[in-house]
Amino acid sequence: MSFSTAPRAILFDLDGTLADTAPDLAAAVNRQRAERGLAPTPYEILRPTASHGARGMIGAAFGLQPEDDGFIALRDEFFIYYENAMMVHSSLFPGVGTLLDGLADAGVAWGIVTNKSARFTDPLVPMIGLDHAGCVISGDTTPHAKPHPAPLLEAARRIGVAPEQCWYVGDDLRDIQGGRAAGMTTVACQWGYNGATEPETWGADHLVATPEALLALVLASVDGITLAA
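According to this note's numbering, the residues represented by the sequence shown are 67 to 295, in order.
In structure tokens form, the structure reads like this:
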């Protein structure tokens, strides 16, 4: 393994990478179905779409896309229901707390780059225990969302680390595309919502199965640079 890309900062996607928010996202869209006299959409169908927020949930539950009639009204209602119940069943993925503590002990900064809008990110991040992040970039912080590199580059600027010294970790193809476009080392995680959809084909620099495996990879990389110095 080459240690030439040892990170000074790790940037993370939020939904499906740090936080398991799918249960509350699914509850919001199934409330919409219930109010229309429809049976709930099975969770196993909704969960893989969680990284795509309202678009994914409404697409799976109602078969509508953003360009379809009725989508905007459903989306706006979904936002209200989700906003009012974001932290009923959501939690950090197992091992994430240990991962973040390990990064701090190793002197590696970390931050969040998500396509979730600040309307939801601002209250959710402290509620779920991530308010010690070095930066939080939401989907509407910059004029562009992932896979555009702008939010990732803004995160690097705010955290004070050059993009080439950052790693970006996510559970979706657009995370890897955005990280590569920003000139960062990319890591595809398999514990999230899209980790079972052939992430080895996404072109990520690293593929990790658990948060603990990611921490081991980071520490090995950092130690490799130290030993070579």
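Glycine is no exception: its CB is placed at the ideal position from the N, C-alpha and C atoms.
With distance defined between alpha-carbon atoms, name the residue in Ala170, Met153, Ile178 and Gly173 nearest to Leu190. Position 124 of the sequence shown holds residue 190. If we check each option's Cα against that of Leu190, Met153 comes out closest.
Q. Are the segment 244-259 and the segment 91-98 in contact at 8 Å, needing three or more beta carbon pairs?
A. no
Using a 10 Å radius around the Cβ and a threshold of 16 neighbouring Cβ atoms, would you call Leu280 buried or exposed? Taking the first residue of the sequence shown as 1, we reach residue 280 at position 214. The residue in question, Leu280, is buried, as its Cβ has 16 or more Cβ neighbours within 10 Å.
Inset, instruction - With a cut-off of 8 Å on the beta carbons, I'd call Ala172 and Leu285 a contact; round off their distance for me. - result: One-based indexing of the sequence shown puts residue 172 at position 106. One-based indexing of the sequence shown puts residue 285 at position 219. About 6 Å separates the two Cβ atoms, so the contact holds.
Please report the distance separating the alpha-carbon of Gly129 from that of Asp142.
Taking the first residue of the sequence shown as 1, we reach residue 129 at position 63. Taking the first residue of the sequence shown as 1, we reach residue 142 at position 76. Straight-line spacing of the CA atoms in Gly129 and Asp142 works out to 16 Å.
- Item | His198, DSSP secondary structure in three states | Taking the sequence shown and counting its residues from 1, one reaches residue 198 at position 132. The answer is coil: DSSP assigns His198 none of H, G, I, E or B.
* Write down the C-beta distance between Pro73 and Thr251 rounded to the nearest angstrom, noting that I regard them as a contact closer than 8 Å. => Working through the sequence shown from its first residue, we reach residue 73 at position 7. Working through the sequence shown from its first residue, we reach residue 251 at position 185. Yes, Pro73 and Thr251 are in contact; Cβ-Cβ is about 7 Å, under 8 Å.
Buried or exposed: His198, going by 16 or more other Cβ atoms within 10 Å of its Cβ? The residue given as residue 198 occupies position 132 in the sequence shown. It is exposed - the Cβ of His198 has fewer than 16 other Cβ atoms within 10 Å.
Would Ala221 and Gly177 be called neighbours here (beta carbons separated by less than 8 Å)?
As a first step, residue 221 must be located in the sequence shown, where it is residue number 155. As a first step, residue 177 must be located in the sequence shown, where it is residue number 111. Yes, they are a contact pair.
Worksheet item: Would Pro209 be called buried (16 or more neighbouring beta carbons within 10 Å of its own) or exposed?
Response: Residue numbering aside, residue 209 sits at position 143 when the sequence shown is read from its first letter. Pro209 should be labelled exposed.
* State the start and end residues of the unbroken alpha helix (DSSP H) segment that holds Leu190. => Reading the sequence shown from its first residue, position 124 is the one you call residue 190. Where Leu190 is concerned, the enclosing alpha helix (DSSP H) stretches over Ala184 to Met193.
- Item | C-alpha gap between Asp241 and Phe78, whole angstroms | One-based indexing of the sequence shown puts residue 241 at position 175. One-based indexing of the sequence shown puts residue 78 at position 12. Each residue's alpha carbon lies about 9 Å from the other.
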